[in-house]
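What follows is a short report on a single structure.
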Amino acid sequence: MDIKPVEALDLWRGAIVESVRRDGPDLSARQMALLLTVYITPPPHTVRGLAETLKVSKPAVTRAVDRLAEYGLVKRKVDEKDRRSVLIQRTVKGSVYLREFGEMVAAAAQACRVPETEDAASGG
């Protein structure tokens, strides 16, 4: 499936619009990138590792983790192997949030495809 840049933006817009209509946390792009990284890439996750992965400063990651933890989307846990290190872990609430967001993206993708199908059916 080839997608044009404007179609990709419209897909993202559709998911974001649906997200802001719901009574959930209003995440920044950095917070969402961090949350997706924690949930999609294999653990363990540390502030240092997330900063390297996202190519942002450790203080920026710390602020994002602080906010995500306030929302209950991630949690901090002392690494039992290295008590100086803190692991950033998934939560049930974060899993539910991202599953629902994924459903919004899928619905937006479906909505983007419908006009193409209707155009083809009408010969347009």
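So in the numbering used here, the last one in the sequence shown is 315, and the numbering has no gaps at all.
Glycine included, C-beta positions come from ideal geometry on N, C-alpha and C.
This one's a predicted model, so the numbers in the text were calculated from it and none came from an experiment.
Cross-strand partners of residue i (DSSP beta bridge)
i	result
Ile279	Arg267
Thr244	Answer by DSSP bridge pairing: none, since Thr244 is not bridged.
Thr237	Leu278
Supposed close pair residue i, residue j - CB separation, criterion 8 Å
i	j	result
Arg281	Val265	7 Å
Arg221	Ala255	5 Å
Leu259	Leu226	6 Å
Pro216	Leu278	So it is not a contact: roughly 21 Å between Cβ atoms.
Residue i, DSSP secondary structure in three states
i	result
Thr232	coil
Lys272	coil
Leu225	helix
Asp193	coil
Extent of the continuous alpha helix (DSSP H) to which residue i belongs
i	result
Gly205	196-212
Residue i CB to nearest heavy atom of the ligand COA below 6 Å
i	result
Arg281	The ligand COA is absent from the structure shown, which contains no ligands of any kind.
> If you pair each beta-carbon of the region 202-213 with each one of the region 287-302, do three or more pairs fall below 8 Å?
Replying inline: Yes, the region 202-213 touches the region 287-302.
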